[in-house]
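Asker: Protein chains in written order, with this note's numbering: chain A, 3 to 554; chain B, 39 to 576.
Could you have a look at this structure, given as structure tokens, before my questions?
Spelled out as structure tokens, the structure:
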């Protein structure tokens, strides 16, 4: 277990102290009320047994004490629940903010990090922490009552308390790593299952559905195995505790019975031990363990929360530091963007995708990025758009501002090779948050060839897209994304395979528009399409000495 | 209990459930008996002392108390482990059933299925089933038996007291929750819907994280996400409040019931020793009830989730998905006056007539949006074709092509989350390596430090467009099809490598027949024959 993750979890607990304080007060009052209940009801039975005159007030007092006991307990529980909710809510909103600045995360996993993972830590706050506090308060008050009533019972129960640390250590040992492994497997399985469902149509076209079903069942077996391990530890620990508790209740009962019978030696209990007192003690003993028991069975909640923290904490650590953009930066200068020994890889144990790149870009004009598939064209463009940052080397901008990614983000517009279309109309997808006037909008539709390509009956303002624009063909999606880019132009225009799914005629028209853009903008294009070759002012070749697939 | 639970959860694991429930009953009974006997024992001891009774032996009751203590904790462990194991088996079988079911849905529906909602259904449905069994149903069984035993013990002794316990218990455990949980259905349904929406929204947003940052949509997205979360929270709080209220009422109810019983048993001049036992017994019945009655709050979610799973499992399947039918070796394929459509769309496409012979490579060309992809879909999925026109295989009319004799490499290249080897699950390492060589991925493969164990990322996000295409092609070739149908093979691959790859394929699989749809004129040298679709202008 890494310390920072644990501290992070702990910091959440101690963030708000007042709610915990009130919860503690309620618990103390609740347990005092229970003592009252035990007192009056045992008095009632004791009087009855001895044949004394009984007052019905005893029962009424007992009833009133019960009402207080449950009311205060409910109040305390509600405080703890509220605290748990607000901690989780804060965790979630922190996670949303942190995750959006990390563009290499897997989308499904990221969504799970926000929507489901923090919920798994909630029992830790609203139960584990609460029960821990409650068991300290309640057992202290009960021990005081035992001390006052019967020293032997007091010693017996104090000793049984010592078993708990032993138990905790045995559960804690090894359980955390098992939990972590379990959470890891769980997340992996969830993402694999979702991915296979999404790919089902494709899997079927390849005829490999049975194999993949077999694969899923293997993975699920693995996960179940881990789950069972986790459950076994949790159950074993709570059963062990249960055993100690039940057994000490039984021992106290037998001790009290034998004292009543007069079988206990003189220094333990004298002959003719008071029945009322012993019944009072017998009623208190289970309550002494009441929160302790809940605390122990919630112990695995702590392990789960730590595993959650271990998973979540790194994203807060990796989040890029907020960079205050200096306003005096000369905004419009795109001249002289320079790559100095830039290297990049996606995972620290992975392959270098880009290796020691050195070049300088012009202020405007078309720059063509070439290379075989997998040579890092898309990665280079994402670096230029500011969404990825070099692991090594620098991207230098003429302004002298070394932290370039924020500047690049603000001054570039980027067209993804796999464009994403939001749920909404085509027009919404093009205009996004800033509506355009009618004329400009029509102009963009024409420039992007959408008027030409979309069937006549498809209205851009009425056709509603969903599921990443499944209603459109690959080429149409690309054109919508191109139109979107035209509606939000910036000094640097970055295009990843802008013509990949288009026919030759449309490709040519789009390429002409791109060429026109390059008169006034710096246009970066990654493409295999030969149509860009004559338009390029500069070319960047990413092939490393392996030119056999190279076009002339 | 509804049919779904019986059919999918209870019956297949009858024996496991019987053992689990028997253990639960044993536990509940010993849970109530222990304090009852202890109380009775104390009172008896006192009475024995007062009356100076010499015949009473403490050995038997005190041994019983100790045995019950051991039983109570031992049985608990066995019961929990047993029932958990059963539920994990249930979980696995349900997941696989749903996976198989979705694979049988018609193609167009599968394309439009909301995957996040299916995943949500599976994950939360199964969690709801688990909670329902572990937190509600099994403890309920235990409680009912312990409760009925207590009532059965009390009734013959004193009718009034027995009836008081019976009616009080039923009121607290069954009537009270109905009263407290009036709006529960509503809250549960809202949370369910909101969570599906939230998950879909977040996944979409993270998929589009670059677009979102690019076009300054971040604030809007974060705002929406927070709003959703707040809304879910407000309903979760209401549920939690109901749960606390139930726990309060149950605990208080049984405790007051025990006091009432104490009062009336004295009036009914019952033995004080018995009355003490009953008093403590009913108190612990209350403790037992407090364990499971409050969980009723979350168990309403079960119905929603089960309904969703049931609907999914009952959904209409595509008419014929049997791929094991024996198909004669491929000789020729003919499309006569073939016309296609997109299901639920009003577009229409021109008729085509195409002929394809064994070992022939045919290229179909056409501009963007001319229905090329739809044409290929129609060969496999009847919902994409108009009623007229004929499809002939070896001159025999057929409904559709059969996988895996004919394999369709679609335009959208999917990559499976997992390692390189897991993408080819079921194939031998040698076969995988050979195929990678054919599709021109050998050089790339040699740079991988972990070889076939290399993790390719979620949906293969560490791969470029061209690599994805090539991997998909390799997947298809590994199934050794007779007819390979390819949609736009060159997106993301430059022309020269594309030509090289396909020439490689032709060399390695000389018996293969290929039908390819493309707009890339440069691929012409690959084909024996070509066909061109003209776009119908509207």
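C-beta: ideal position from N, C-alpha, C; glycine also.
So which residues on chain A does residue 260 (chain B) lean against when the C-beta distance must stay under 9 Å?
Answerer: 95, 98, 99 and 102
Asker: When DSSP builds the beta bridges, which residues end up paired with residue 167 (chain A)?
Answerer: Residue pairing from DSSP leaves residue 167 (chain A) without any beta-bridge partner.
Asker: So, are the CB atoms of residue 453 (chain B) and residue 511 (chain B) less than 8 Å apart?
Answerer: no
Asker: Counting only the same chain and skipping the five closest in sequence on each side, list residues whose C-beta sits under 7 Å from that of residue 277 (chain A).
Answerer: 48, 51 and 262
Asker: Return yes when the Cβ of residue 64 (chain A) is within less than 8 Å of the Cβ of residue 42 (chain A), no when it is not.
Answerer: yes
Asker: Would you kindly check if the distance between the Cβ of residue 494 (chain B) and the Cβ of residue 461 (chain B) is under 8 Å?
Answerer: yes
Asker: Assuming residue 271 (chain B) and residue 91 (chain A) form a contact by the criterion Cβ under 8 Å, report the distance between their Cβ atoms to the nearest whole angstrom.
Answerer: 6 Å
Asker: Based on DSSP bridge pairs, tell me the residues matched to residue 398 (chain A).
Answerer: A:340
Asker: Cβ of residue 328 (chain A) less than 8 Å from any chain B Cβ?
Answerer: In this prediction, residue 328 (chain A) has a pLDDT of 43, which is less than 50 and means its spatial position is unreliable; what the coordinates show is noted afterwards. No, because no Cβ of chain B sits closer than 8 Å to the Cβ of residue 328 (chain A).
Asker: Pick from A:483, A:420 and A:182: whose alpha carbon is nearest that of residue 451 (chain A)?
Answerer: A:483
Asker: According to DSSP, which residues form a beta bridge with residue 570 (chain B)?
Answerer: Within the DSSP bridge table, the entry for residue 570 (chain B) names B:403 as partners.
Asker: Look at the alpha carbon of residue 427 (chain B) and the alpha carbon of residue 434 (chain B), and state the distance between them as a whole number of angstroms.
Answerer: 14 Å
Asker: For residue 54 (chain A), would you say it is in contact with chain C, using Cβ-to-Cβ distances shorter than 8 Å as the test?
Answerer: Looking for chain C here will not work: the only protein chains present are A and B.
Asker: Would you kindly report the start and end of the unbroken beta strand (DSSP E) that includes residue 236 (chain B)?
Answerer: Here residue 236 (chain B) belongs to no beta strand (DSSP E); instead the alpha helix (DSSP H) covers 222 to 245.
Asker: Using the rule of at least 16 other Cβ atoms within 10 Å of the residue's Cβ for burial, across every protein chain shown, is residue 17 (chain A) buried or exposed?
Answerer: exposed
Asker: Alpha carbon to alpha carbon, how far is residue 374 (chain B) from residue 465 (chain A)?
Answerer: 33 Å
Asker: With residue 374 (chain B) as the anchor, note down where its beta strand (DSSP E) starts and where it stops.
Answerer: 370 to 376
Asker: Look at the Cβ atom of residue 393 (chain A), then the Cβ atom of residue 347 (chain A), and state whether they are nearer than 8 Å.
Answerer: Cβ distance < 8 Å, so residue 393 (chain A) and residue 347 (chain A) count as in contact.
Asker: What does residue 449 (chain B) reach in chain A if we use C-beta pairs closer than 9 Å?
Answerer: 475, 476 and 503
Asker: I need the DSSP call for residue 11 (chain A), collapsed to helix, strand or coil.
Answerer: helix
Asker: Leaving out five residues on either side along the sequence, give the residues of the same chain with a beta carbon under 7 Å from the beta carbon of residue 215 (chain B).
Answerer: 284, 331 and 334
Asker: Okay, do the stretch 234 to 253 of chain A and the stretch 192 to 207 of chain A touch, 3+ Cβ pairs below 8 Å being the bar?
Answerer: no
Asker: Near residue 313 (chain A), which residues of its chain fall below 7 Å by C-beta distance, leaving aside the five closest residues on each side in sequence?
Answerer: 119 and 185
Asker: Can we say the stretch 68 to 85 of chain B touches the stretch 251 to 259 of chain A, given the rule of at least three CB pairs closer than 8 Å?
Answerer: yes
Asker: Near residue 48 (chain B), which residues of its chain fall below 7 Å by C-beta distance, leaving aside the five closest residues on each side in sequence?
Answerer: Listed in chain order, the non-local C-beta contacts of residue 48 (chain B) below 7 Å within the same chain comprise 55, local neighbours out to five positions each way being set aside.
Asker: Can you look up residue 446 (chain B) in the DSSP assignment and give me helix, strand or coil?
Answerer: strand
Asker: Buried or exposed, going by whether 16 or more other CB atoms sit within 10 Å of the CB of residue 177 (chain B)?
Answerer: Result: buried.
Asker: Would you kindly report the start and end of the unbroken beta strand (DSSP E) that includes residue 492 (chain B)?
Answerer: Element bounds for residue 492 (chain B): n/a, residue is neither H nor E.
Asker: Can you tell me whether DSSP reads residue 439 (chain B) as helix, strand or coil?
Answerer: coil
Asker: What is the residue span of the alpha helix (DSSP H) that residue 285 (chain A) lies within?
Answerer: 277 to 299
Asker: Quick one: which residues of the stretch 222 to 239 of chain A get their C-beta closer than 8 Å to a C-beta of chain B? List them in chain order.
Answerer: 222, 223, 226, 229, 230, 233, 234, 237 and 238
Asker: Under a Cβ-count criterion, where at least 16 other Cβ atoms within 10 Å of its own Cβ denotes burial, should residue 9 (chain A) be classed as buried or exposed?
Answerer: exposed
Asker: I'd like to know whether the C-beta of residue 255 (chain A) is nearer than 8 Å to at least one C-beta of chain B.
Answerer: yes
Asker: Would you mind sorting residue 35 (chain B) into buried or exposed? The rule is 16 or more other CB atoms within 10 Å of its CB.
Answerer: No statement about residue 35 (chain B) is possible, as the shown extent of chain B runs from 39 to 576 and does not include it.
Asker: Counting C-beta neighbours from all protein chains within 10 Å, is the total for residue 451 (chain B) 16 or more, i.e. buried, or is it exposed?
Answerer: buried
Asker: Closest by CA to residue 524 (chain A), which one among A:505, A:491 and A:67?
Answerer: A:491
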